[in-house]
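Take the sequence shown: its position 33, counted from the start at 1, is 32 in numbering that gives the first Met the number 0, and no numbers get skipped. All residues carry an ideal CB built from backbone N, CA and C; glycine is no exception. Keep in mind that this is a model prediction, so the values were computed, not measured.
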Amino acid sequence: MKPGRLSGGISIAVITLVAVVTQGYMRADERKSQGHRSASAKTGRTPILVELFTSEGCSSCPSADKLLTKLATTQPVEGAEIIALEEHVDYWNRIGWTDPFSAAKFTQRQYDYGAHFHLNSVYTPQAVVDGQQEFVGSDTDSALSAITRAAAQPKVGVGLRVTAEDATQLHLNVSVEKRSGRNEAATVVLAVAEDDLAVHVKSGENAGRNLVHHGVVRWFMTLGKVQDNAAFTTQVTVPLERHWRRENLRLVAFVQSETSRRIVGVGTLPLAELPKG
């Protein structure tokens, strides 16, 4: 395939078929009641949100999936608590393999980032660190550099507290501390992510491969907006599907500025840390 370019000097390959049917998508290869704060609150690290836009239909994505897993499990950046979310886009589903974790809402979120970063087109695998820097998701050096820079930025506290739970849902309190100084409007988002998901891909570019994922977003919801510099709190009911493995689930709440797209606060709660029953 003939190489193309995105703004920022990132080389990518134009996927002709997908460009015809899906507005010019691109791939990068050739580019019960217990309260918790984020793990970072206990370790003294700054929480950093790393989002990976990926697809099981993209042959360049498995290497990025592996890097995301390594970053989240080894925590290689001093002072940073890396919180990883895999967001599987759906535009690759048209060309050979339907990704079981894909959803249109993740494609839309990627498009929103594409517009913010003034990209000519979205692509996979694409990583975004704290909403501020994007790069090819398999680029280790870019990932470490972006995470290091993000760790130097202060963040507001985000609290997660489960107030009740049964086999099909849990009730959650999400709170955000008041921010100091002048701040732009921000949106509070909650995700349910699952680790250690394995899939045998039967067709498409990754046919025959066994893929393992970390931080796959199973559920994603906007909770509301932080008004001015006020604190924020809300109650939400979170669904728990029976085929999700509770011991591998994490709740991730984050606060994202609406103009700059910067992630100004992150909290996470592994459900394995909660008492059962």
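Check for me: the beta strand (DSSP E) holding T162 runs from which residue to which?
Element bounds for T162: 157-164.
Just the Cα atoms here: how many angstroms apart are G156 and L273?
20 Å
Using a 10 Å radius around the Cβ and a threshold of 16 neighbouring Cβ atoms, would you call R181 buried or exposed?
Residue environment analysis places R181 among the exposed positions, since fewer than 16 neighbouring C-beta atoms fall within 10 angstroms of its C-beta.
Is it buried or exposed for D140, if we count other Cβ within 10 angstroms and need 16 for buried?
Within a 10 Å sphere around the beta-carbon of D140 sit fewer than 16 other beta-carbons, which makes this residue exposed.
Using a threshold of 8 Å, state whether the C-beta atoms of T236 and H170 are closer than that.
yes
Spatial neighbours of T232 within its chain, please: C-beta separation below 8 Å, excluding the five flanking residues on both sides.
N172, V173, S174, V175
Can you tell me whether G266 is helix, strand or coil according to DSSP?
strand
Kindly confirm or deny that the segment 82-94 and the segment 213-226 touch, where touching means at least three C-beta pairs closer than 8 Å.
By the Cβ test, the segment 82-94 is in contact with the segment 213-226, since at least three Cβ pairs between them sit closer than 8 Å.
Taking only three categories from DSSP, how would you classify L222?
For L222, the three-state secondary structure derived from DSSP is strand.
Just to confirm, are V187 and G223 a CB contact at a threshold of 8 Å?
yes
According to DSSP, is Q125 part of a helix, a strand, or is it coil?
Strand.
Should E246 be labelled buried (16 or more other beta-carbon atoms within 10 Å of its own) or exposed?
exposed
Do E80 and I47 count as a contact pair if the criterion is CB distance below 8 Å?
yes
Run through DSSP, which three-state label would F100 get?
coil
Counting only the same chain and skipping the five closest in sequence on each side, list residues whose C-beta sits under 7 Å from that of V20.
Its pLDDT being 38, under 50, V20 is placed unreliably by the model, and nothing is read from it.
If we ignore side chains and look at the alpha-carbon of each, how far apart do A126 and W243 end up?
25 Å
N-terminal and C-terminal residue of the alpha helix (DSSP H) that A79 is part of:
Looking at the DSSP string, A79 is not in any alpha helix (DSSP H); the run it does join, the beta strand (DSSP E), is 79-87.
Counted within 10 angstroms of its Cβ, other Cβ atoms place R108 as buried (16 or more) or exposed
buried
Using only CA atoms, which one of T147, L248, W96 lies nearest to L70?
T147
Below 8 Å between beta carbons: does that hold for E55 and D89?
no
With respect to the beta strand (DSSP E) encompassing L171, which residues constitute its N-terminal and C-terminal limits?
Counting along the chain, the beta strand (DSSP E) containing L171 begins and ends at 168-175.
Determine the burial state of T162: buried for a count of at least 16 other Cβ atoms within 10 Å of its Cβ, exposed for fewer.
exposed
Quick one: using the 10 Å Cβ neighbour count with 16 as the cut-off for buried, is A149 buried or exposed?
buried
Expressed to the nearest angstrom, what Euclidean distance is found between the alpha-carbon atoms of A206 and G113?
29 Å
Against chain B, with Cβ distances strictly below 8 Å, would I94 count as a contact?
Of the protein chains in the structure, only one exists, and it is not chain B.
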